[in-house]
Amino acid sequence: MCNDLFPGLGCARTGDPAHWSWTICNLCLSTLGTVPSIQSPCMYDQENFQGKRLEFTSACQNIMECGVNNIRSVKVECGAWAGYEHSSFCGQQFVLERGEYPHWESWSGSNAYHIERMMSFRPICSANHKESKMVLFEKENFMGRQWEINDDYPSLQAMGWGNNEIGSMQIQSGSWVCYQFPGYRGYQYIMECDRHGGEYKHYREWGSHAQSFQVQSLRRIQQ
Numbered sequence: 001m002c003n004d005l006f007p008g009l010g011c012a013r014t015g016d017p018a019h020w021s022w023t024i025c026n027l028c029l030s031t032l033g034t035v036p037s038i039q040s041p042c043m044y045d046q047e048n049f050q051g052k053r054l055e056f057t058s059a060c061q062n063i064m065e066c067g068v069n070n071i072r073s074v075k076v077e078c079g080a081w082a083g084y085e086h087s088s089f090c091g092q093q094f095v096l097e098r099g100e101y102p103h104w105e106s107w108s109g110s111n112a113y114h115i116e117r118m119m120s121f122r123p124i125c126s127a128n129h130k131e132s133k134m135v136l137f138e139k140e141n142f143m144g145r146q147w148e149i150n151d152d153y154p155s156l157q158a159m160g161w162g163n164n165e166i167g168s169m170q171i172q173s174g175s176w177v178c179y180q181f182p183g184y185r186g187y188q189y190i191m192e193c194d195r196h197g198g199e200y201k202h203y204r205e206w207g208s209h210a211q212s213f214q215v216q217s218l219r220r221i222q223q
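Take 1 as the starting number for the sequence shown in our numbering and just add one per residue.
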């Protein structure tokens with residue numbers, strides 16, 4: 001089990017190998033001092049919730065270490081998770097909120113890029129739909145025009161943002177997902193107040209798949 005992002009969380013694999021489940025060890029909980037507010041998504045290696053079923057309570061850096069070569073459907077009862085195209089939390093990002101995802105198109109949504117694999121994932125611990133706030137900056141390093149927002153925007157330009165790019169962002173509370181195109185389409189970039197100190201000075205900090213400053217819609221991530 002991979003816990004590079006959450007080194008205090010240990011996990012144990014139990015049950016039939018065809019139905020592996022992962023649970024937080026009591027020893028690790030006592031080390032942390034408090035029980036983390038992390039729910040358990042169910043992952044399946046076949047579409048429509050078929051095949052091997054796995055449950056997780058912490059980050060997984062490489063799904064192949066769990067005996068499957070891909071995740072093809074997901075159920076999330078509560079909480080929010082970030083899925084990644086490649087292992088080690090690299091490649092395209094996918095937000096997994098409460099709901100059922102019977103196949104890859106369910107989590108990539110209207111993504112403009114055909115990706116049928118998810119190889120790693122982690123919890124989004126700071127998601128708070130009601131208490132989310134961020135500041136957009138026109139230029140990198142928090143320079144130029146700025147705009148404080150606390151709501152969802154399917155089109156930033158339609159709401160008055162002057163161009164189709166954002167230079168930098170400060171996430172003051174909650175977690176957000178930004179999209180390359182209007183209408184929540186294209187590459188997804190997950191922004192969190194508890195990562196990078198909530199400061200994203202340049203698109204290179206948005207994720208390994210980011211190639212430009214282009215962001216034209218964004219929304220708050222649901223718990």
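Ideal placement from N, C-alpha and C gives every residue a C-beta, glycine not left out.
Tell me the DSSP bridge mates of residue i?
| i | result |
| --- | --- |
| SER108 | Paired residues: none, contrary to the question. |
| TYR179 | GLN188, SER217 |
| HIS86 | CYS90 |
| MET134 | ILE149, ILE171 |
| CYS60 | PHE121 |
| TRP81 | LEU96, PRO123 |
| SER73 | TYR44 |
| LEU54 | MET43 |
Out of the options, state which residue places its alpha-carbon closest to the alpha-carbon of residue i.
| i | options | result |
| --- | --- | --- |
| GLN92 | PHE142, TRP161, VAL177, SER168 | VAL177 |
| ILE166 | LEU136, PRO123, ILE71, SER120 | LEU136 |
| SER155 | ARG219, GLU85, GLU192 | ARG219 |
| ILE124 | CYS78, PHE49, MET43, GLN180 | CYS78 |
| TYR179 | ARG204, CYS66, TYR153, GLY99 | TYR153 |
| TRP81 | GLU205, PHE121, SER108 | PHE121 |
| MET143 | TRP161, SER168, GLU85 | SER168 |
| LEU54 | GLY99, CYS66, TRP147 | CYS66 |
| MET118 | ILE149, PHE89, ASP151, GLY186 | PHE89 |
| GLY186 | GLU205, ARG195, SER87, VAL95 | VAL95 |
| SER106 | ARG195, PHE49, GLY174 | PHE49 |
Using a threshold of 8 Å, state whether the C-beta atoms of residue i and residue j are closer than that.
| i | j | result |
| --- | --- | --- |
| THR57 | SER40 | yes |
| VAL201 | GLU140 | It is worth fixing the name first, because residue 201 is Lys in this sequence and not Val. Yes, these two residues count as a Cβ contact at 8 Å. |
| ALA127 | GLN223 | yes |
| VAL76 | LYS52 | no |
| LYS133 | GLN188 | no |
| GLY207 | GLN170 | no |
| GLY183 | SER212 | no |
| ASN70 | ASP45 | yes |
| ILE221 | GLU97 | yes |
Can you tell me whether residue i is buried or exposed? The criterion is at least 16 other CB atoms within 10 Å of its CB, across all chains shown.
| i | result |
| --- | --- |
| LEU32 | With a pLDDT of 31 at LEU32, under the threshold of 50, the modelled position of that residue is not reliable, and no figure is offered here. |
| GLY83 | buried |
| GLU192 | buried |
| VAL35 | Low per-residue confidence applies at VAL35: pLDDT is 36, beneath 50, and the placement is therefore not dependable, though the value from the model is reported in the following sentence. Counting Cβ neighbours within 10 Å, VAL35 comes out exposed, since fewer than 16 surround it. |
| MET64 | exposed |
| GLU131 | exposed |
| VAL215 | buried |
| GLY99 | exposed |
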